[in-house]
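J.:
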Amino acid sequence: MAISALQNQTHGIIILDTVVSYSRMFARLAMGLDKQPQLIAHLTTKSNSSAGGGGGGGGGDDSGPRETLPERAANTIRYAFVACLNDRTGSSSTGLSPTGAPEGKRRGIYTLANLCLKILFACRKTRGAAQIFENIFVQSPPLSAYPKAQRCMYLYYLGRFLWANGHAYRAQKALQKAFDECHSQCLQQRRLILIFLIAANMVCGRLPSQQLFNRPEAAGLRERFGPLCKYIAQGNIVGFRRHLDIGSEHYAWFSGYRLDLQLRNRCEVFVWRSICRKTFILYGDPGNPEARKAPTFDLKDVLAIFRWQETIYATPPGATQPDNYIDPDFVGMVDEPTGEDALDLPDMNNIHSKMTALIHQGLLGGYISFSREKFAIQGAKLKGALAAGFPNAWKTIEARADAEVPGWKLETSAPIHAGGVVRLSGVRPVGLS
Numbered sequence: 016m017a018i019s020a021l022q023n024q025t026h027g028i029i030i031l032d033t034v035v036s037y038s039r040m041f042a043r044l045a046m047g048l049d050k051q052p053q054l055i056a057h058l059t060t061k062s063n064s065s066a067g068g069g070g071g072g073g074g075g076d077d078s079g080p081r082e083t084l085p086e087r088a089a090n091t092i093r094y095a096f097v098a099c100l101n102d103r104t105g106s107s108s109t110g111l112s113p114t115g116a117p118e119g120k121r122r123g124i125y126t127l128a129n130l131c132l133k134i135l136f137a138c139r140k141t142r143g144a145a146q147i148f149e150n151i152f153v154q155s156p157p158l159s160a161y162p163k164a165q166r167c168m169y170l171y172y173l174g175r176f177l178w179a180n181g182h183a184y185r186a187q188k189a190l191q192k193a194f195d196e197c198h199s200q201c202l203q204q205r206r207l208i209l210i211f212l213i214a215a216n217m218v219c220g221r222l223p224s225q226q227l228f229n230r231p232e233a234a235g236l237r238e239r240f241g242p243l244c245k246y247i248a249q250g251n252i253v254g255f256r257r258h259l260d261i262g263s264e265h266y267a268w269f270s271g272y273r274l275d276l277q278l279r280n281r282c283e284v285f286v287w288r289s290i291c292r293k294t295f296i297l298y299g300d301p302g303n304p305e306a307r308k309a310p311t312f313d314l315k316d317v318l319a320i321f322r323w324q325e326t327i328y329a330t331p332p333g334a335t336q337p338d339n340y341i342d343p344d345f346v347g348m349v350d351e352p353t354g355e356d357a358l359d360l361p362d363m364n365n366i367h368s369k370m371t372a373l374i375h376q377g378l379l380g381g382y383i384s385f386s387r388e389k390f391a392i393q394g395a396k397l398k399g400a401l402a403a404g405f406p407n408a409w410k411t412i413e414a415r416a417d418a419e420v421p422g423w424k425l426e427t428s429a430p431i432h433a434g435g436v437v438r439l440s441g442v443r444p445v446g447l448s
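If you read the sequence shown in this note's numbering, its first letter stands for residue 16, the second for the next number, and so on.
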């Protein structure tokens, strides 16, 4: 009833504060009951029995997945959010007053959007957040017109959404702004933002400094991220993987924040790069710029390092040999390889693939000589061998990235004419496919 009244174009503004207040209470109640389902277990049982009590015996079990209570709450609040987004009252078509403040029901856009996002992320139904970000990016006034608390919360959820969808550079931009906007005394909120901000920056090749770990909101993060930074710099594949493995003492923490997979899959390329860099420093040929001889290093040395590290990784900690266990039922049935032959160790084709990937991403500067099995560094005469062959990873990724962050409204767009409102006829409820 309240949302229906809010949708009134003339008098809906009167009830905006009431709708926002009830939405806050509704969101808190829904998330609280979702954490303590025993409080409404008797109501759920009655609902299921009544749904399944009809003729045919099938009941509601064949209708697909059911909405959870948080999803239902998010869908309800989303109707109020769309009503605010579609508001066309006020003195300006942009939705801003002469002082730059949101007019009419548009004052409630980010408050209601943040409540929806809070629910969706709490129940891990983040796919439903995509439509909220799209609608805001198209129709909302600029984010800068809203209070700092709303900006900080919105950018935090936008950053997490972008991180979850593999857009690490865009995620770090949103999270960095959220961290800057967050009050210095809100240590718990700043810590939560910082966890995802550090992870997003690491994927982009920018490792956290010791000064950052010394900040009060970063307490305890040095033990989580510090070893990863050390392993990346050392080119230590074994330590890097074991730090994020399921058996690691840190795995539960990284997995709880959904950081483990992206850190492992997308940061290991920097470990490869460090292996190549150290190989060049220790065993490479510095070349002769005057004789136009490029600096090189042997890919056979790189292969030997990879094979050695993969063998160690396959050996359980404390053991002296790789785990080559064979089930007794299969002993003697086939000629099983033993020792290193039983391991899936990299060969030169794997090294070519890794090096090519690093070159393609701009993390190595040079080319592969397949006939000599060497990597030659280009541009060493102007920049030096290390600077030319191993450019700054963060600057390389930043230069290639798109500066625009979808969902982050920076400027006022052209006024939306008739027919540009958000339609709900084709909208599916959150969590249902």
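Just so you know, even glycine gets a beta-carbon here, dropped at the ideal spot from N, CA and C. All of these numbers come straight from a predicted model, not from anything done at the bench.
(1) Give me whichever residues DSSP pairs with Ser384 in a beta bridge.
(2) Cutting at 7 Å between CB atoms, please list the residues of its own chain near Arg387, excluding the five before and the five after it.
(3) Can you tell me the Cβ-Cβ gap for Gly254 and Tyr246, rounded? I've got them flagged as a contact below 8 Å.
(4) Quick check on the burial criterion: 16 or more other C-beta atoms within 10 angstroms. Buried or exposed for Gly47?
(5) What's the C-alpha gap between Asp32 and Pro117?
(6) Shortest alpha-carbon distance to Leu100 belongs to which of Gln146, Ser199, Leu135, Leu243?
(7) Output needed for Pro301: all residues of its chain with C-beta closer than 8 Å, excluding positions within five of it in sequence on either side, in chain order.
(8) Per DSSP, what are the beta-bridge partners of Asn229 in this structure?
(9) Taking the straight line between their C-alpha atoms, what separation do you get for Asp359 and Trp287?
(10) What residue range does the alpha helix (DSSP H) around Phe152 cover?
(11) Which whole-angstrom value is the C-beta distance of Ala28 and Gly119, which I expect to be below 8 Å?
(12) Do the stretch 158 to 169 and the stretch 118 to 134 make contact, defined as three or more Cβ pairs closer than 8 Å?
(13) Do Arg273 and the ligand SAM come close, with the Cβ less than 8 Å from some heavy atom?
(14) Quick one: what's got a C-beta closer than 7 Å to Phe176's C-beta in the same chain, skipping five residues either side?
(15) How would you write the range of the beta strand (DSSP E) that Phe9 sits in, first residue to last?
(16) Using only CA atoms, which one of Thr294, Phe240, Pro304, Pro332 lies nearest to Gly461?
(17) Rounded to whole angstroms, what's the CA-CA distance from Lys280 to Ile30? Just pull it up for me.
(18) I'd like to confirm the pairing. Which residues does DSSP put opposite Leu111 in its beta bridges?
(19) In whole angstroms, what separates the C-alpha of Glu368 from that of Met168?
(20) CB-CB under 8 Å to Ser384, same chain, minus the five flanking residues each way: which ones, in chain order?
(21) So, helix, strand or coil for Thr104, using DSSP?
(22) With a threshold of 8 Å on Cβ separation, who are the neighbours of Glu413 within its own chain once the five nearest residues in sequence on each side are excluded?
(23) Nearest to Val34 by CA position, among Asn23, Ala17, Asp49, is which residue?
(24) Tell me where the alpha helix (DSSP H) around His26 begins and ends.
(25) Check whether the Cβ atoms of Ala89 and Leu44 sit closer than 9 Å, and answer yes or no.
(26) Tell me, to the nearest whole angstrom, how far the beta carbon of Ala233 is from that of Leu209; I am working on the premise that it is less than 8 Å.
(27) List the whole-angstrom C-beta distance separating Ala416 from Ala403, where the pair is believed to meet the contact cut-off of C-beta under 8 Å.
(28) What does the alpha-carbon distance come out to for the pair Phe41 and Leu21?
(29) Below 8 Å on the Cβ atoms is my contact criterion, and I expect Pro231 with Leu202 to pass it. Report the Cβ-Cβ distance as a whole number of Å.
(30) For Ile296 and Ser289, I'd like the C-alpha separation in whole angstroms.
(31) Could you pull the start and end residues of the alpha helix (DSSP H) that Lys398 belongs to?
(32) Just to check my reading of the structure: Pro157 and Leu425 have Cβ atoms closer than 8 Å, yes? What is that Cβ distance to the nearest angstrom?
(33) Determine the direct distance from the alpha carbon of Ser270 to that of Ala56, and round the result to whole angstroms.
(34) For Lys308, name the three-state secondary structure that DSSP assigns.
(35) Secondary structure at Asn216, three-state DSSP: helix, strand or coil?
(36) Looking at Phe240: is its Cβ nearer than 9 Å to the Cβ of Ala408?
T.: In terms of the structure at hand:
(1) Position 369 of the sequence shown, counted from the start, is the residue given in the question as residue 384. Paired residue(s): Lys389.
(2) Reading the sequence shown from its first residue, position 372 is the one you call residue 387. Correct list: empty, nothing qualifies.
(3) Taking the sequence shown and counting its residues from 1, the one referred to as residue 254 is at position 239. Taking the sequence shown and counting its residues from 1, the one referred to as residue 246 is at position 231. Tyr246 and Gly254 do touch by the CB rule: their CB atoms are close to 4 Å apart, below 8 Å.
(4) Within the sequence shown, residue 47 is the residue found at index 32, counting from 1. By the C-beta density criterion, Gly47 is exposed, having fewer than 16 other C-beta atoms within 10 angstroms.
(5) Reading the sequence shown from its first residue, position 17 is the one you call residue 32. Reading the sequence shown from its first residue, position 102 is the one you call residue 117. The alpha-carbon atoms of Asp32 and Pro117 are separated by roughly 14 Å.
(6) Here residue 100 refers to the residue found at position 85 of the sequence shown. When Gln146, Ser199, Leu135, Leu243 are compared, the shortest CA-CA separation from Leu100 is found for Gln146.
(7) One-based indexing of the sequence shown puts residue 301 at position 286. The residues Pro310, Ala400, in chain order, have a CB closer than 8 Å to that of Pro301 in the same chain once the five nearest residues on each side in sequence are set aside.
(8) Translated into the one-based positions of the sequence shown, residue 229 becomes position 214. Under the DSSP definition of a beta bridge, Asn229 lacks any partner.
(9) Walking along the sequence shown from the start, residue 359 turns up at place 344. Walking along the sequence shown from the start, residue 287 turns up at place 272. Whole-angstrom Cα-Cα distance: 18 Å.
(10) Taking the sequence shown and counting its residues from 1, one reaches residue 152 at position 137. It spans 144 to 154 - the alpha helix (DSSP H) in which Phe152 sits, taken as one unbroken run.
(11) The count along the sequence shown starts at 1 and reaches residue 28 at position 13. The count along the sequence shown starts at 1 and reaches residue 119 at position 104. The displayed chain sequence assigns Ile, not Ala, to residue 28. Yes, Ile28 and Gly119 are in contact; Cβ-Cβ is about 5 Å, under 8 Å.
(12) Result yes; three or more Cβ-Cβ pairs closer than 8 Å.
(13) Among the components modelled here there is no ligand, and therefore nothing to report on the ligand SAM.
(14) The residue labelled residue 176 in the question sits at position 161 within the sequence shown. Contacts found: Thr141, Ala144, Phe148.
(15) Absent from the model: residue 9. The displayed extent of the chain is 16 to 448, so no value can be given.
(16) The structure shown does not extend to residue 461, since the chain spans only 16 to 448, so no value can be given for it.
(17) Residue mapping note: residue 280 aligns to position 265 of the sequence shown, counting from 1. Residue mapping note: residue 30 aligns to position 15 of the sequence shown, counting from 1. As written in the sequence, residue 280 is Asn, which differs from the Lys given in the question. Each residue's alpha carbon lies about 49 Å from the other.
(18) As a working note, residue 111 is residue 96 in the sequence shown. Note: Leu111 is bridge-paired with Pro117 in the DSSP secondary-structure output.
(19) For the purposes of this step, residue 368 is identified with residue 353 of the sequence shown, where counting begins at 1. For the purposes of this step, residue 168 is identified with residue 153 of the sequence shown, where counting begins at 1. The amino acid occupying residue 368 in the given sequence is Ser; Glu does not appear at that position. Ser368 and Met168 have their C-alpha atoms some 42 Å from each other.
(20) Indexing the sequence shown from 1 puts residue 384 at position 369. Thr311, Phe390, Ala391.
(21) To locate residue 104, count along the sequence shown from 1; it is residue 89. Thr104: coil per DSSP, three-state reduction.
(22) Within the sequence shown, the letter at position 398 stands for residue 413. Apart from the 5 residues on each side of it in sequence, Glu413 sits with its Cβ closer than 8 Å to the Cβ of Tyr184, Cys219 in its chain, given in chain order.
(23) Numbered from 1 along the sequence shown, position 19 holds the residue referred to as residue 34. Answer by Cα proximity: Ala17.
(24) The residue given as residue 26 occupies position 11 in the sequence shown. Per DSSP, His26 belongs to no alpha helix (DSSP H) and is neither H nor E.
(25) Along the sequence shown, read from residue 1 onward, the residue named residue 89 stands at position 74. Along the sequence shown, read from residue 1 onward, the residue named residue 44 stands at position 29. With contacts defined by Cβ atoms closer than 9 Å, Ala89 and Leu44 do not form a contacting pair.
(26) Here the question's residue 233 lines up with position 218 in the sequence shown. Here the question's residue 209 lines up with position 194 in the sequence shown. Rounded to whole angstroms, the Cβ separation of Ala233 and Leu209 is 6 Å, and the two are in contact under 8 Å.
(27) Along the sequence shown, one-based indexing puts residue 416 at 401. Along the sequence shown, one-based indexing puts residue 403 at 388. Contact annotation, Ala416 with Ala403: C-beta distance approximately 22 Å; criterion of less than 8 Å not satisfied.
(28) Taking the first residue of the sequence shown as position 1, residue 41 is located at position 26. Taking the first residue of the sequence shown as position 1, residue 21 is located at position 6. Those two C-alpha atoms are separated by around 17 Å.
(29) In the sequence shown, residue 231 corresponds to position 216, counting from 1. In the sequence shown, residue 202 corresponds to position 187, counting from 1. Contact between Pro231 and Leu202 holds: CB atoms are separated by about 6 Å, below the 8 Å threshold.
(30) Your numbering for residue 296 matches position 281 in the sequence shown. Your numbering for residue 289 matches position 274 in the sequence shown. Distance between the alpha carbons of Ile296 and Ser289 is about 10 Å.
(31) Working through the sequence shown from its first residue, we reach residue 398 at position 383. That run of the alpha helix (DSSP H) goes 395 to 398.
(32) Locating residue 157 in the sequence shown gives position 142, counting from the first residue. Locating residue 425 in the sequence shown gives position 410, counting from the first residue. About 6 Å separates the two Cβ atoms, so the contact holds.
(33) Position 41 of the sequence shown, counted from the start, is the residue given in the question as residue 56. Position 255 of the sequence shown, counted from the start, is the residue given in the question as residue 270. The alpha-carbon atoms of Ala56 and Ser270 are separated by roughly 29 Å.
(34) Sequence index remark: in the sequence shown, residue 308 carries index 293 (1-based). Here DSSP, grouped into helix, strand and coil, assigns Lys308 to strand.
(35) Taking the sequence shown and counting its residues from 1, one reaches residue 216 at position 201. DSSP places Asn216 in helix when its eight states are reduced to three.
(36) For the purposes of this step, residue 240 is identified with residue 225 of the sequence shown, where counting begins at 1. For the purposes of this step, residue 408 is identified with residue 393 of the sequence shown, where counting begins at 1. Cβ atoms of Phe240 and Ala408: not closer than 9 Å.
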